[in-house]
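There are 2 protein chains.
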Amino acid sequence: MIWVNGEHENTIIIADRGLQYGDGVFETIAVMDGNPLLLGQHLDRLQSGCQALAISCPDRALLISEIASCCRHAAQHLNSSNAVIKVIVTRGQGGRGYRPPVQATPTRIVSLHPWPTTPKNYTVEGIAMRFCQTRLGINPSLAGIKHLNRLEQVLARAEWDDPDIQEGVMLDTNGQVIEGTMSNLFYVKANSLYTACLKQAGIAGIVRQQLINLAHIQGHSFTEQPVTQEMLLAADEIFVSNSIIGIWPVRQIGQHHFAIGPITRQLQAGLMQVMRGNRCAN
Amino acid sequence: MIWVNGEHENTIIIADRGLQYGDGVFETIAVMDGNPLLLGQHLDRLQSGCQALAISCPDRALLISEIASCCRHAAQHLNSSNAVIKVIVTRGQGGRGYRPPVQATPTRIVSLHPWPTTPKNYTVEGIAMRFCQTRLGINPSLAGIKHLNRLEQVLARAEWDDPDIQEGVMLDTNGQVIEGTMSNLFYVKANSLYTACLKQAGIAGIVRQQLINLAHIQGHSFTEQPVTQEMLLAADEIFVSNSIIGIWPVRQIGQHHFAIGPITRQLQAGLMQVMRGNRCAN
Chain A
0 MIWVNGEHEN TIIIADRGLQ YGDGVFETIA VMDGNPLLLG QHLDRLQSGC QALAISCPDR
60 ALLISEIASC CRHAAQHLNS SNAVIKVIVT RGQGGRGYRP PVQATPTRIV SLHPWPTTPK
120 NYTVEGIAMR FCQTRLGINP SLAGIKHLNR LEQVLARAEW DDPDIQEGVM LDTNGQVIEG
180 TMSNLFYVKA NSLYTACLKQ AGIAGIVRQQ LINLAHIQGH SFTEQPVTQE MLLAADEIFV
240 SNSIIGIWPV RQIGQHHFAI GPITRQLQAG LMQVMRGNRC AN
Chain B
0 MIWVNGEHEN TIIIADRGLQ YGDGVFETIA VMDGNPLLLG QHLDRLQSGC QALAISCPDR
60 ALLISEIASC CRHAAQHLNS SNAVIKVIVT RGQGGRGYRP PVQATPTRIV SLHPWPTTPK
120 NYTVEGIAMR FCQTRLGINP SLAGIKHLNR LEQVLARAEW DDPDIQEGVM LDTNGQVIEG
180 TMSNLFYVKA NSLYTACLKQ AGIAGIVRQQ LINLAHIQGH SFTEQPVTQE MLLAADEIFV
240 SNSIIGIWPV RQIGQHHFAI GPITRQLQAG LMQVMRGNRC AN
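Chains A and B are the protein sequences, given in the same order. First residue of the first sequence: 0, per numbering that gives the first Met the number 0; consecutive thereafter. First residue of the second sequence: 0, per numbering that gives the first Met the number 0; consecutive thereafter.
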């Protein structure tokens, strides 16, 4: 089910700069029991991403209304009350050439997808990861933004097809640990929580920010800092996060094994409460 | 006029990974007097770009036939026998997630565009450039490839709207000079020709390679090397190149002025001959 600028459509004009240059941003929103989770935060990030790219962000009330329609549709037509909504905003149509048109009309795409199924309960049992060969390019102008230029993630995720490995660690071109291919990465060392700075590369996840807030509320020491492979592999606990998976503990990276520890479990419990409390009012 | 997988279409399925992730490559081909210039070279680069991204490249004969149809259409329906053909190949449709589908069917898009008009004869008179603030991220896995992740170029080209400036110099995040926003960049110093290495960032242009070959034929010393802003600004001659503009001499970057010199003119003359000799046989 897809809405393009409010109309039921499953296609987009080829001249759209989203296709031509990846000139746009997106959000992936979890729908649980018919409610879009952390909707305000997703819309805030969409707006700040649009602002960074000088794309005129669609009206917030309009987006909320279309996402609410999407949720109602999910409840009526999908076999589950859980689903995923993807929102894409592109700069719209505009010529053959990189220069953005002076007055572009952005394209907004709201699409509904079934909740992903996983063969195991990774939330409880944890996952195995590997180090990816594909690196994240360093670029402060684009770092943090959930934009449509995602070839690095595509190439990184294409590196393995072993079903026993669920996620890959991505380093930047300087060899610093940044994130997973589809998730942010945290670790615990001596009861303190750490994650990589995303000023140079990476995507600033909505759940990542929730976890930073939660760490404060739960009284954990938290530091955002440059992370090396050695620091990561010397961790007591490791986990990955995104809006759909929440938190997956990491029990293995390559040949290195990790315990699923108490801070991971506390943050999982806290995140569950945040998710339940932050549903859309619609 | 647009062909999608051989059918007249002006839309693409939203699930196409070209839109979702910029998961594809493209070529921009000059058509002069009804003939696509340097077609073999464009198709070779399309193929090597597809190979680098593990996209199954469409059949070469099929592409040649569609491009030839496009040229015939241009001759019949455009007011000029000169035109631009853009070819896009994406990985095709495939799920919500970075992981490429095991068996994806690539999407090929061949579109026809009018020859761009410029207010002045930049080929003769030269152009003015500026240094862009937006940097090119360093990533050896993607460097050289003409892929669909082009936000850096979009942001760089959005930096100015002064009609007296025709192109911008882009540096990588280490401050090295790489190329223009839509062109490769060469300079001449003490009768030797130089251009930046593109192992870390940038797009390996078709005309760039033709000029490297021509420099050899014309007996100019040529070196591909890391280029600093200081080296560029100390040049005797500077020019930019791409498949549509050919060579535009650079007479100014910011407040620095440059003569349009003899090597630039020799390469322009040589390139004109190469273009005339390398037309498609169709």
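Cβ atoms here follow ideal geometry from the backbone N, Cα and C, with glycine treated the same way. These figures come from a predicted structure and were not determined experimentally.
In summary, the residues of the segment 12 to 34 of chain B whose CB is separated from some CB of chain A by less than 9 Å are I12, I13, A14, D15, R16, G17, L18, Q19, Y20, G21, D22, G23, F25, T27, in the order they occur in the chain. Collapsing the DSSP output to three states places S110(B) in a strand. The continuous stretches of alpha helix (DSSP H) do not include Q224(A), which lies in the beta strand (DSSP E) extending over residues 220 to 224. Measuring C-alpha to C-alpha distances from M0(B) to each of I54(B), G179(B), I84(B) identifies I84(B) as the nearest. For Q152(A), the neighbours in chain B by C-beta distance under 8 Å run, in chain order, Y20, Y97.
Around the Cβ of K145(A), a 10 Å sphere holds 16 or more other Cβ atoms; the residue is buried.
Cβ neighbours of A142(B) within its own chain (closer than 7 Å, five residues either side excluded): L197, K198, Q199, A200, G201. Against chain B, the beta carbon of T227(A) has no neighbour under 7 Å; the closest one sits roughly 19 Å away.
As for any alpha helix (DSSP H) of minimum length 4 sitting wholly inside the segment 116 to 180 of chain A, the runs are 121 to 124, 150 to 156, ordered along the chain.
Residues of the same chain with a CB within less than 6 Å of the CB of Q267(A), apart from the 5 flanking positions on each side, are I246 in chain order. When rounded, the separation of the alpha-carbon atoms in R250(A) and R275(A) is 27 Å. The beta-carbon of H146(A) is placed less than 9 Å from the nearest beta-carbon of chain B. In this structure I28(A) touches V86(A) by the C-beta definition: roughly 7 Å separates them, less than 8 Å.
Straight-line spacing of the CA atoms in E26(A) and H41(A) works out to 6 Å. Looking at the DSSP output, I202(A) bridges to G143(A).
With a contact defined as Cβ atoms closer than 8 Å, G21(A) and V88(A) miss out at about 12 Å. In this structure, the beta-carbon distance from A14(A) to N9(B) falls below 9 Å. In chain order, T180 place their CB closer than 6 Å to the CB of Q152(B), counting only its own chain and leaving out the 5 sequence neighbours on each side. At least 9 Å separates the CB of V86(B) from every CB of chain A. Listed along chain A are G96, Y97, each with a C-beta nearer than 8 Å to that of M181(B).
Contact annotation: in the segment 42 to 58 of chain B, residues whose CB is within less than 8 Å of a CB in chain A are L52, A53. From the beta-carbon of S68(A), no residue of chain B is found nearer than 8 Å; the closest lies around 17 Å away.
Y186(A) carries a strand assignment under DSSP once its states are collapsed to helix, strand and coil. For the C-beta of R134(A), the chain B residues within less than 8 Å are, from N- to C-terminus, N138, P139, S140. For a Cβ distance threshold of 9 Å, nothing in chain B lies close to I164(A): the least Cβ distance comes to about 12 Å. Restricting attention to T104(B), N241(B), E178(B), Q102(B), the CA atom closest to the CA of G136(B) is found in E178(B). At a Cβ-Cβ threshold of 9 Å, V206(B) and N183(B) count as neighbours. Per the Cβ contact rule, the segment 254 to 270 of chain A is in contact with the segment 214 to 224 of chain A (3 or more Cβ pairs under 8 Å). For V273(B), the enclosing alpha helix (DSSP H) stretches over residues 261 to 276.
Comparing alpha-carbon positions, the option among C131(A), L147(A), P139(A) lying closest to S140(B) turns out to be C131(A).
Around the CB of T222(B), fewer than 16 other CB atoms lie within 10 Å, so the residue is classed as exposed. Under the 10 Å beta carbon count, S220(B) is surrounded by fewer than 16 other beta carbons and is classified as exposed. Listed along the chain, the chain B residues whose CB falls inside 7 Å of the CB of N241(A) amount to none; the nearest CB is some 11 Å away.
No Cβ-Cβ contact shorter than 9 Å links I164(B) with A195(B). N212(A) carries a helical assignment under DSSP once its states are collapsed to helix, strand and coil. Counting along the chain, L192(B) sits inside the beta strand (DSSP E) bounded by residues 191 to 195.
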